[in-house]
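**Q**
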Amino acid sequence: MKTRRLSFAALAALLISSCAALLPVVAQARAAAPVRHVFVIVLENEPYQVAFGAQSLAPYLAHTLPAEGALLTHYYATGHDSLDNYIALVSGQAPNPDTQHDCHKYVPVLPGTQGPHGQALGTGCVYPAWVPSLPDQLEAAHLTWKGYFQDMGKDPAREAATCGHVPLGAKDWTELATAKDQYAAKHNPFVYFARIVDNPARCDAHVVNLDRLQHDLASIATTPNYNFIIPDLCDDGHDAPCANGQPGGLISANAWLRKWVPIITAAPAFKKNGLLLITFDEGTTGKSCCGEQPQPGGPQPGKFGPGGGRIGAVAISPFIKPGTVSNVPYNHYGFLRTVEDFFGLSHLGYAAGAQVKPFGRDVFTAAPR
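Mind the numbering: the sequence shown is residues -29 to -1, 1 to 340 in mature numbering (1 follows the signal peptide of the UniProt record, and there is no 0), read in order.
(1) Hey, how far is the Cα of A226 from the Cα of C213?
(2) Nearest CA to the CA of M123: which residue from A38, K157 and K292?
(3) Quick check on T145: does DSSP put it in helix, strand or coil?
(4) Here's the rule: buried if 16 or more other CB atoms are within 10 angstroms of the residue's CB, otherwise exposed. What is H209?
(5) Who are the near neighbours of P(-6) in its chain, counting only those whose CB is closer than 6 Å to its CB and skipping five residues on each side?
(6) Quick one: complete alpha helix (DSSP H) runs, 4+ long, within the stretch 186 to 244?
(7) List in chain order: all unbroken beta strand (DSSP E) runs of 3+ residues lying wholly within the stretch 72 to 123.
(8) Can you have a look at V102 and say buried or exposed, based on whether 16 or more other CB atoms are within 10 angstroms of its CB?
(9) Could you pull out every residue in the same chain whose Cβ sits closer than 6 Å to the Cβ of D73, ignoring the five residues on either side in sequence?
(10) Determine whether the beta carbon atoms of S297 and G245 lie at a separation below 8 Å.
(11) Just confirm the distance between the C-beta atoms of F306 and I282, as a whole number of angstroms; I'd bet it's less than 8 Å.
(12) Taking N180 as part of the alpha helix (DSSP H), name the residues at either end of that continuous run.
(13) Beta-carbon within less than 8 Å of T44's beta-carbon, same chain only, minus the 5 sequence neighbours each way: which residues are those?
(14) Round the Cβ separation of G119 and L181 to the nearest angstrom and send it over; I've been treating them as touching at under 8 Å.
(15) Does the distance from the C-beta atom of residue 368 to that of L92 stay below 8 Å?
(16) Given P82, which residues of its chain have a CB within under 6 Å of its CB, disregarding the five upstream and five downstream residues?
(17) Pick from W231, P233, A237 and D206: whose alpha carbon is nearest that of I222?
(18) To which residues of the same chain is L28 closer than 6 Å at the C-beta, ignoring the five residues directly before and after it?
(19) Taking L36 and V310 to be in contact with their CB atoms under 8 Å, please state how far apart those CB atoms are, rounded to whole angstroms.
(20) When you compare each of A176, P339, G135 and G320 to A59 by their alpha carbons, which one comes out closest?
(21) Roughly how many angstroms separate the alpha carbons of P267 and K230, rounded to a whole number?
(22) What would DSSP say about F164, mapped onto helix, strand or coil?
(23) Beta-carbon within less than 6 Å of A211's beta-carbon, same chain only, minus the 5 sequence neighbours each way: which residues are those?
(24) Assuming contact is defined by CB atoms lying nearer than 8 Å, are Q71 and G50 in contact in what I supplied?
(25) Going straight from the alpha carbon of A240 to that of A112, what length do you get?
(26) Is W116 buried or exposed, if buried means 16 or more other CB atoms sit within 10 Å of its CB?
(27) Just confirm the distance between the C-beta atoms of A325 and G269, as a whole number of angstroms; I'd bet it's less than 8 Å.
(28) May I ask which residues mark the beginning and end of the beta strand (DSSP E) holding I287?
(29) Using the three-state DSSP reduction, which class does S62 fall into: helix, strand or coil?
(30) Are the beta-carbon atoms belonging to Y301 and Y46 less than 8 Å from one another?
(31) Under the rule that 16 or more other beta-carbon atoms within 10 Å means buried, what is F164, buried or exposed?
(32) Using only alpha-carbon positions, find the residue among I191, K274, P160 and E130 that is nearest to V11.
(33) Taking Cβ positions, are V327 and R340 nearer each other than 8 Å?
(34) With a 10 Å radius around its C-beta and 16 neighbouring C-beta atoms as the bar for buried, classify A(-21) as buried or exposed.
(35) Can you look up D302 in the DSSP assignment and give me helix, strand or coil?
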């Protein structure tokens, strides 16, 4: 059974029609590489030293993949717990008291007024229609995007197979996995933006199950410019052991990457001008980088510190020499800025911060000059 929430109000429809003014597509900076297809994989809850250390339980992630691309040793998360990091990656919005607790109830952000740096002020989970996200920017620039989510809709009584979320005002029953369905809406940032979920046709077309990915990768024409790829609660390493009896943690995440990374890197779009980033949502400390700021008047992004901890990342691209290592500090806002620069887009929210930097030639070591 599909579950849908109602539109916020008639005012939201008016705001949607006027939001184009918030989405300038003038380039803010020249990108360090001519990337036109971005692939993002987000895993769960590991600090850098555990995920990428010599004794990592994910040797494919820690050792094999960095040898094929770049290891970003000082990449940081922007908050705790999970959801606020996913939201930051696609909008530049800082954590609020509800998003940093994973939004146990699916409620609107209120009062949702606009503060400095484009931040939506208040508490709650679903951002009002005036708040733009990366998908809005991409569509305004006539570019394409999709989110691919493992297990979404596997149990139709739990959530829909596309645009899966609970009704507005309901407790989020997808937070915990079942043996049949391990999808979690809290790892799907797109269903927290009214501009997306209030347009069911748009959401259904763009927020889909992972089983669509291989079909879409078959040709450049069918591969979106931006691909957000999320394993389920077992294969992203969140649960250990898992509801289906698998070990979970880094062991299951490593096996999932062994299957899916070669499929992505064999795709024609990736080979031509792609970038694959593999990172984590958050670490285990409150450390930050890059001048990270809280929501105006809001809590510390990391609850007990200014950030989400050092997590590291692996980047693979035709524009990266195998075996590259970058020690430059980056964070989720910096990666959003990197993507926006690829496509000549303005910088949303805290991606526009003065100390936030996009990936440079320390990462794109094989990019044309």
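The beta-carbon is built from N, C-alpha and C at its ideal position, and this holds for glycine as well.
**A** In brief:
(1) Going by the C-alpha atoms only, they are around 14 Å apart.
(2) Among A38, K157 and K292, the Cα nearest to that of M123 belongs to K157.
(3) If DSSP states are grouped into helix, strand and coil, T145 belongs with coil.
(4) H209 comes out buried.
(5) Unreliable positioning characterises P(-6) in this predicted model, as indicated by a pLDDT of 42, which lies under 50. A coordinate reading is not provided.
(6) List check, alpha helix (DSSP H) in window: 220 to 236 and 239 to 244.
(7) Complete beta strand (DSSP E) runs here, min 3: 81 to 85, 91 to 94 and 116 to 120.
(8) It is buried - the Cβ of V102 has at least 16 other Cβ atoms within 10 Å.
(9) Take D73, set aside five residues on each side of it, and the residues of its chain with a beta-carbon closer than 6 Å to its own are D52, S53, L54 and K157, in chain order.
(10) Their beta carbons are not under 8 Å apart, which means S297 does not touch G245 by this criterion.
(11) Contact flag wrong, Cβ pair sits at about 12 Å.
(12) Element bounds for N180: not the alpha helix (DSSP H) but the beta strand (DSSP E), V178 to N180.
(13) The answer, listed in chain order, is Y19, F23, G283, V296, S297 and N298.
(14) Here residue 119 is Tyr; the residue named in the question, Gly, does not match the sequence. Indeed they touch by this definition, with Cβ atoms about 5 Å apart.
(15) No answer is possible for residue 368: the residues shown for the chain start at -29 and end at 340.
(16) In its chain, beyond the 5 residues on either side, G93 have a beta carbon closer than 6 Å to the beta carbon of P82.
(17) Distance check between I222 and each of W231, P233, A237 and D206 places D206 closest, using alpha-carbon atoms only.
(18) Same-chain partners within the cutoff: L221 and I222.
(19) About 20 Å; that fails the 8 Å criterion.
(20) Ranked by how close their Cα comes to the Cα of A59, the residues A176, P339, G135 and G320 have G320 in first place.
(21) Near 42 Å, if we compare the C-alpha coordinates of K230 and P267.
(22) Under the three-state reduction of DSSP output, F164 falls in the strand class.
(23) Sequence-distant Cβ neighbours of A211 in its own chain, meaning closer than 6 Å and more than five residues away, are G219 and G220.
(24) For Q71 and G50, yes; Cβs fall inside 8 Å.
(25) Those two C-alpha atoms are separated by around 19 Å.
(26) That one is buried.
(27) 19 Å between Cβ atoms; not a contact.
(28) Where I287 is concerned, the enclosing beta strand (DSSP E) stretches over A284 to I287.
(29) The answer is helix: DSSP assigns S62 an H, G or I state.
(30) Taking 8 Å as the Cβ cut-off, Y301 and Y46 qualify as a contacting pair.
(31) It counts as buried.
(32) Of the candidates I191, K274, P160 and E130, the one whose C-alpha sits nearest the C-alpha of V11 is P160.
(33) Contact: no.
(34) Summary for A(-21): the model assigns pLDDT 37, below 50, so the residue's position carries little reliability; its value from the coordinates is reported in the next sentence. Here A(-21) is exposed. Its C-beta has fewer than 16 other C-beta atoms within 10 Å.
(35) Here the sequence assigns Asn to residue 302, which means Asp is not the residue at that position. For N302, the three-state secondary structure derived from DSSP is strand.
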